[in-house]
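Residue numbers (our numbering): 27 to 309.
Yeah, the Cβ is synthetic: ideal placement off N, Cα and C, and Gly gets one too.
Since the model is a prediction, treat every value here as computed from it, not as a measurement.
Working notes for the structure below.
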Amino acid sequence: MSSPAAASSPYGSGGGDPIDALLAAGRGGRRAGAVVASAAFGRRAVLKVRHDPKQLVDSAAIPTLFTVLFTYLFGGAISGSTGDYLTRLLPGVLSMSIAIVTMYGGARLAQDVRSGAFDRFRGLPVWRGAFVVGGLLSDAARYLFASTIVVGLGLVMGYRPDGGATGVLAAVALVIAFGLALSLVWAVLALAVRDPAVVLSVANAVLIPLSFASDIFVQPGTMPGWLRAVVRVNPLSHVATAARDLMNGTGGAAGPVGWSLAATAVLVLVCGPVALRLYGRQD
């Protein structure tokens, strides 16, 4: 006879729900390790995409829309040719796309808290942080998917990165690391407000201005002085510049890469402990 958890699982019968294995471990008196538990929660989050395909659609649509429209509508006017503009735009769109899709991890977490699934997970004999870390693992998979779309589209449109495969992989790794750190911000918000709609609204209100008040689309030299000051302190500008230097093989990548890694570290050190504390205090 199947367990109630398996019977109510949205993943189908036959042990399809990865959380069933953790429940079985608890009934057997064993405590699942941090790695195993995080992997189980990560697999659960990936499987849930089947019930919310909008996450993958947005991961593909956002970079496609911005890359194609801006390249062919404004590329000639801004850089003289679409090819030259693509070398500037594509690494920036890579950074922006990953930043924007980070909001869905927070919305998923808020939905789990609101639906009561969170209470079920808290009773499992696993490391308490596995639920949050597992969500980040699934986020990394989604960010890698979006990165593949961006780079593949650029190659189809004629972009040839002078930094080669090494530069592209380094840029993708840097952007994904920043995206995972940014996901912790929305995890904190999700655990605080417990409302997916609020998480998405706040994230959009923050990420859209940050995306356009950056050096992703144009050089900041033509902007008013006050806006240039905003662009200079915008962490998304540093990430986009670092990705641009790495992918295009230009000099001076050390500075932007250093600033990007510093911003990533600050987000992790500040938001990570707060997220785990809020997770432990949920009732």
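Is any beta-carbon of chain C found at less than 9 Å from that of alanine 103? As a matter of chain content, chain C is missing from the structure shown, which is built from one protein chain.
Expressed to the nearest angstrom, what Euclidean distance is found between the alpha-carbon atoms of valine 159 and threonine 90? The count along the sequence shown starts at 1 and reaches residue 159 at position 133. The count along the sequence shown starts at 1 and reaches residue 90 at position 64. The straight-line gap from Cα to Cα measures roughly 29 Å.
Which word fits valine 292, buried or exposed, when buried means at least 16 other C-beta atoms lie within 10 angstroms of its C-beta? As a working mapping, residue 292 is identified with position 266 in the sequence shown. That one is exposed.
Within 8 Å, do at least three Cβ pairs link the region 107 to 124 to the region 253 to 271? yes
Helix, strand or coil for valine 211 per DSSP? Indexing the sequence shown from 1 puts residue 211 at position 185. The answer is helix: DSSP assigns valine 211 an H, G or I state.
Put valine 194 into one of helix, strand or coil per three-state DSSP. Along the sequence shown, one-based indexing puts residue 194 at 168. Correct three-state label for valine 194: helix.
Which same chain residues end up closer than 8 Å to tryptophan 285 when comparing Cβ atoms and leaving out the 5 residues on each side of it in sequence? On the sequence shown, position 259 is the one that residue 285 refers to. Around tryptophan 285: Pro261, His264 and Ala268.
Contact between the region 197 to 212 and the region 140 to 151 is defined here as three or more beta-carbon pairs at a separation below 8 Å; is this criterion met? no
Return the CA-CA distance between glycine 251 and valine 244, expressed in angstroms with no decimal places. Within the sequence shown, the letter at position 225 stands for residue 251. Within the sequence shown, the letter at position 218 stands for residue 244. Taking the straight line from one Cα to the other gives about 15 Å.
Going by beta-carbon coordinates alone, are aspartate 165 and leucine 206 separated by less than 9 Å? Working through the sequence shown from its first residue, we reach residue 165 at position 139. Working through the sequence shown from its first residue, we reach residue 206 at position 180. Yes, they are a contact pair.
Going residue by residue through the region 108 to 157, where are the continuous beta strand (DSSP E) segments of at least 3 residues, counting only ones entirely within it? none
Could you check which residue in Phe67, Gly281, Leu115 and Pro222 has the C-alpha nearest to that of glycine 184? Taking the first residue of the sequence shown as position 1, residue 184 is located at position 158. Nearest option by C-alpha distance: Leu115.
So glycine 132 packs on alanine 213, CB below 8 Å; how close in whole Å? One-based indexing of the sequence shown puts residue 132 at position 106. One-based indexing of the sequence shown puts residue 213 at position 187. That belief holds up - the Cβ atoms of glycine 132 and alanine 213 are roughly 6 Å apart, short of 8 Å.
Arginine 274 by DSSP, collapsed to three states: which one? Taking the first residue of the sequence shown as position 1, residue 274 is located at position 248. Contrary to the premise, residue 274 reads as asparagine rather than arginine in this sequence. Three-state result, asparagine 274: helix.
Could you pull the start and end residues of the alpha helix (DSSP H) that proline 235 belongs to? Against the sequence shown, residue 235 aligns to sequence position 209. Start and end: 222 to 238.
Between the C-alpha atoms of arginine 53 and isoleucine 88, what's the straight-line distance to the nearest angstrom? Taking the first residue of the sequence shown as position 1, residue 53 is located at position 27. Taking the first residue of the sequence shown as position 1, residue 88 is located at position 62. Confidence at arginine 53 is low in this model, with a pLDDT of 47, below 50, so its placement is unreliable and no value can be given for it.
Which residues in the same chain have their Cβ closer than 8 Å to the Cβ of valine 296, if we skip the five residues on either side of it in sequence? Residue numbering aside, residue 296 sits at position 270 when the sequence shown is read from its first letter. Same-chain partners within the cutoff: there are none.
Report the residue from Gly275, Val283, Gly247 and Ala66 whose alpha carbon sits nearest the alpha carbon of leucine 150. As a position in the sequence shown, residue 150 is number 124, starting the count at 1. Comparing Cα positions, the closest option is Ala66.
Glycine 68 beta carbon less than 9 Å from that of leucine 170: The count along the sequence shown starts at 1 and reaches residue 170 at position 144. The count along the sequence shown starts at 1 and reaches residue 68 at position 42. No.
DSSP three-state call for valine 244: helix, strand or coil? As a working note, residue 244 is residue 218 in the sequence shown. Valine 244 falls in the coil class under three-state DSSP.
Cut-off 7 Å between Cβ atoms - residues of its own chain near valine 228, not counting five sequence neighbours on either side: Within the sequence shown, residue 228 is the residue found at index 202, counting from 1. Closer than 7 Å at Cβ, skipping near neighbours: Leu215.
Rounded distance between the beta-carbons of isoleucine 104 and tyrosine 111, thought under 8 Å: For the purposes of this step, residue 111 is taken as the residue at position 85 of the sequence shown. For the purposes of this step, residue 104 is taken as the residue at position 78 of the sequence shown. With 8 Å as the limit, tyrosine 111 and isoleucine 104 qualify as a contact, their Cβ atoms being about 6 Å apart.
Does the Cβ-Cβ distance between alanine 301 and aspartate 221 come in under 9 Å? Residue 301 sits at position 275 when you count from the first residue of the sequence shown. Residue 221 sits at position 195 when you count from the first residue of the sequence shown. For alanine 301 and aspartate 221, no; Cβs fall outside 9 Å.
I need the DSSP call for glycine 189, collapsed to helix, strand or coil. In the sequence shown, residue 189 corresponds to position 163, counting from 1. Coil at glycine 189, not helix or strand.
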